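K.L.:
Sharing a structure with you now.
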Amino acid sequence: MAKTKAPVTKNEYIDVTFVDLTHEGQGVAKLDGYPIFVPYGLPGEKAQIKVVKVKKNLAFGKLVELHEASEDRIEPPCDVFYKCGGCQIQHMSYDLQLRMKQKQVQDVMKKIAQMSDVPVHSTIGMEDPWNYRNKAQIPVGKRDGKIVTGFYQMRSHNIIDLDECPVQNHVNDMIIREMKTIIGDLGIEPYDEQSHSGEIRHIVVRSGYHTEDVMIVVVTRTKKLTNEKEFVERVKNLSPAIKGIVHNINPKQTNVIMGRDEKLLWGESEITDKIGDLEFSISAQSFYQVNPEQTEKLYEQALKYADLSGKETVIDAYCGIGSISLFLAQKAKKVYGVEVVPKAVDNAKANAKRNHIDNAEFYVGQAEKVMPWWKSQGLDPDVIVVDPPRKGCDEELLEAMIAMQPERIVYVSCNPSTLARDLKILSDGGFEAKEIQPVDMFPQSNHVESVTLVERKL
């Protein structure tokens, strides 16, 4: 049988009309059904593209010239948007971003879960989708003898030097900008990935949304920080909002930002922030949502789907520092949280005490191991809430949830593909996805969070 030949060749220039978007936000053009993926193309636009890579079933192109622009195309406010890998969709109107994210969830429900009839609601967005991030993790480097800080260029580890970022809050931007000068003045050598030499690897700044407290974490390869005393003195005086400076040590050749060892250089080792009426302690390595305004909307949706009357027993299977657990505990009879990171469980217990909540208990362990033991001890939850990492739920955990037979499962997801995969397993185990509410936690990027209501089939 003769091989089907692709209708385009590498380095060919062609005129196309974009008909769709990929889940990453790339434009999709089609020639007799053959898809070509092109960054920055928008549906309805006519353009000239250059074909840069050809495969049997698809090709990739580069946008050369726009002939007709979409009404949804806007001028990105960031000067380095087309170089930086931090954001992917600043060129889209915010309305299109929200529609794209809704469609992203709809598409995987149809293709992966085979559930095209589950309602996916319009994405809950922000009134002002800029300067929302409360955490900056910025690599430090050196170019032409000068200190550079910023985000990595797309598909590389070249640092794009930035003085401000339109999705970071202004305080974080200011602190990083000033720290760049301090690092240069004090002769602190940036880390070099190639030679595994140098000292300072990353600057991490965390700030409270309601409290405006700020914590600074300086991550080094070395145990000692050059000119530490003067560094601390200059950094702590950058803003009265700064509550603590932490030194994190990461001696490994790795892409992981933080190491295991850290010490407090000055001030306090934690800051506080609020979600709704609840107050939380945040340490250097605590997981805490980066968009506090949208976090409240996300948790309110999870609480709505949990549909608690005050009589229910609830399990929170990836409880972290207890943020969702404590939201649920305000309406439930009892909440059991389980988390594999011991420090996070310590934070969760402290947060329960801080908020005077005594009907939430937290345990260290893998949820897929702890939950079967709980069941053997007679624990029968009415509701299970899961908020797993991007890889989704472990299959053992899904089996444990199915075995516990709760009335409802509330699945909070940051990855629509693994959500759809897991919902299919839950469906085969006697549960039914009823509806999905996407929430835009990361405006200007292609990521989408969602909350799904799952009920036990009668």
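So the sequence shown is numbered by the numbering used here: it starts at -6 and just counts up by one. Just so it is clear, CB atoms sit at the ideal spot from N, CA and C, and this is done for glycine as well. Predicted, not measured: the structure shown is a model, and the values here were computed from it.
#1: Mapping the DSSP letters down to three states, classify Glu425 as helix, strand or coil.
#2: Pro492: buried (16+ other C-beta within 10 angstroms of its C-beta) or exposed?
#3: With distance defined between alpha-carbon atoms, name the residue in Pro233, Arg148, Gly315 and Lys384 nearest to Arg347.
#4: With distance defined between alpha-carbon atoms, name the residue in Gln90, Val198, Gln130 and Val379 nearest to Thr116.
#5: Could you check the C-alpha separation between Leu390 and Lys39 for me, to the nearest Å?
#6: Does Val249 pass the burial test, meaning 16 or more other C-beta atoms within 10 Å, or should it be called exposed?
#7: Give every residue of the same chain whose Cβ lies closer than 7 Å to the Cβ of Gln97, excluding the five residues on either side of it in the sequence, and list them in chain order.
#8: On the premise that Arg414 lies in contact with Val447, defined as a C-beta separation below 8 Å, what is that separation, rounded to the nearest angstrom?
#9: Using the DSSP secondary-structure output, state which residues sit across from Asn241 in a beta bridge.
#10: Alpha carbon to alpha carbon, what distance is there between Asp25 and Thr2?
#11: For Lys135, verify whether its CB is less than 7 Å away from any heavy atom of the ligand NAD.
#12: Over what stretch of residues does the alpha helix (DSSP H) that includes Phe320 continue unbroken?
#13: Please identify the residue among Leu412, Gln161 and Pro382 whose C-alpha is closest to the C-alpha of Val444.
#14: How far does the beta strand (DSSP E) with Ile169 in it reach, from first residue to last?
#15: Excluding the 5 residues preceding and the 5 following Gly79 in the sequence, name in chain order all residues of the same chain whose CB lies nearer than 6 Å to its CB.
#16: DSSP on Glu35, reduced to helix/strand/coil?
#17: Do Ala295 and Val307 have their C-beta atoms within less than 8 Å of each other?
#18: Could you compute how far the alpha carbon of Glu428 sits from the alpha carbon of Ala310?
#19: If you draw a straight line from the C-alpha of Glu205 to the C-alpha of Ala129, how long is it?
#20: Just how far apart, CA to CA, sit Val198 and Pro32?
#21: In whole angstroms, what is the alpha-carbon distance linking Met302 and Val113?
#22: In whole angstroms, what separates the C-alpha of Gln95 from that of Asp88?
#23: If I measure Cβ to Cβ from Asp380 and keep anything under 7 Å in the same chain, skipping five residues before and after, which residues do I get?
#24: Among Val331, Tyr6 and Lys417, which residue has its Cα nearest to the Cα of Glu425?
#25: Name, in chain order, the residues that DSSP records as bridge partners for Gly329.
#26: Which residue spans inside the segment 330 to 415 form an unbroken alpha helix (DSSP H) run of at least 4?
#27: Roughly how many angstroms separate the alpha carbons of Asp65 and Pro36, rounded to a whole number?
#28: Can you tell me whether Phe273 is buried or exposed? The criterion is at least 16 other CB atoms within 10 Å of its CB, across all chains shown.
#29: Per the contact definition of three or more C-beta pairs closer than 8 Å, is the segment 229 to 240 in contact with the segment 257 to 271?
P.N.:
In terms of the structure at hand:
#1: strand
#2: For the chain, the structure presents residues -6 to 451; residue 492 sits outside this window and is missing.
#3: Gly315
#4: Gln90
#5: Between Leu390 and Lys39, the alpha-carbon positions lie close to 47 Å from each other.
#6: exposed
#7: His16, Pro409 and Val441
#8: Not really, about 14 Å apart at Cβ, beyond 8 Å.
#9: Val212 and Glu255
#10: 15 Å
#11: Looking at this structure, you won't find the ligand NAD or any other ligand, since it has none at all.
#12: Ser316 to Ala322
#13: Leu412
#14: Note, Ile169: premise wrong, no beta strand (DSSP E); alpha helix (DSSP H) at His163 to Asp178.
#15: Non-local C-beta neighbours of Gly79 in its own chain, meaning closer than 6 Å and more than five positions away in sequence, comprise Phe144, ordered along the chain.
#16: Per the sequence shown, the amino acid found at residue 35 is Leu instead of Glu. Correct three-state label for Leu35: coil.
#17: no
#18: 21 Å
#19: 14 Å
#20: Between the alpha carbons of Val198 and Pro32 lies a gap of roughly 31 Å.
#21: Note on identity: in this sequence residue 302 is Ser, with Met being the wrong assignment. Those two C-alpha atoms are separated by around 26 Å.
#22: 11 Å
#23: Tyr311, Ile317 and Val405
#24: Nearest to Glu425 by C-alpha distance, out of Val331, Tyr6 and Lys417, is Lys417.
#25: The sequence given here has Tyr at residue 329, not Gly. Per DSSP, Ile308 and Glu354.
#26: 335 to 347, 360 to 369 and 388 to 397
#27: 9 Å
#28: Taking every protein chain shown into account, the CB of Phe273 has 16 or more other CB atoms within 10 angstroms, so this residue is buried.
#29: yes
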